[in-house]
Structure formats: structure tokens, C-alpha cells
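In the working numbering, the protein residues as written are 10 to 124. Glycine residues also receive a C-beta, built at the ideal position from the N, C-alpha and C atoms. Reviewing the structure listed below.
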């Protein structure tokens with residue numbers, strides 16, 4: 010299984026980005042799709058998750074600003090990021106998870122928020 014993330018970039022504070030992740034097989038087969046991020050010197054942390062049933066959860070730091078979505082017909086999961094802040098700067102990774110413990114990672118896409 011391959012996950013290809015794209016859509017990162019350099020943006021000013023307050024602007025938006027929408028990274029996407031295309032998966033090489035049907036994402037309907039995965040229990041959870043997720044986005045994580047890792048800033049320099051930090052651990053990789055969960056940003057947002059979405060279940061096969063469409064239930065989404067978010068880290069407190071992004072609630073109200075980020076929206077995760079999945080399009081099973083295109084095998085794609087996206088992360089709409091609005092009102093970006095400098096502290097959102099990180100490499101963003103997509104993840105596919107199947108119970109009990111199968112997980113796949115994409116290669117990451119860099120998001121830099123700076124004036």
C-alpha cells in the first residue's frame with residue numbers, strides 16, 4: 010500500500026492550505042484515516058482522524074480551523090487547514106490504519122507558515 014501526500018507549501022499566517030493524500034488501494038478497507046504532523050525536534054502527533062463511518066476527531070490545537078475529509082471514490086483523504094498559524098509549521102503525514110494493528114504511512118508534505 011502506498012500513500013502519496015501533496016499540497017504542502019509556504020503560506021502567510023491566516024491563510025489556508027489543503028494537503029491531500031492519495032492511497033494506492035481502496036481507503037474504504039481502512040478503519041481509520043489520519044493526518045499527523047511533526048515539527049523539528051518534536052514527536053509525531055495526531056492532527057485529525059476520520060473513521061470509515063465518517064466520524065472525525067481533532068487535536069485541540071486545530072479544532073475549528075482544520076477539517077479532515079475522505080473521498081472513497083478517489084481513494085483520497087484531505088485536510089483543509091484554515092487560519093494557519095506559525096505553530097502549524099511541520100511535516101504533515103497521512104496514515105491508514107486497519108484493526109488490530111496494520112498501519113501505513115505516506116512520505117510527508119512540508120507546511121511552513123511564516124510572514
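- In the three-state scheme derived from DSSP, where H, G and I count as helix and E and B as strand, residue 52 is classed as coil.
- Measuring C-alpha to C-alpha distances from residue 97 to each of 121, 15, 108 identifies 121 as the nearest.
- Cβ neighbours of residue 107 within its own chain (closer than 6 Å, five residues either side excluded): 39, 40.
- Of the residues assessed, residue 69 falls on the exposed side of the cut-off, its CB having fewer than 16 other CB atoms within 10 angstroms.
- Excluding its 5 nearest sequence neighbours in each direction, residue 112 has C-beta neighbours in its own chain below 8 Å: 104, 105, 106, listed in chain order.
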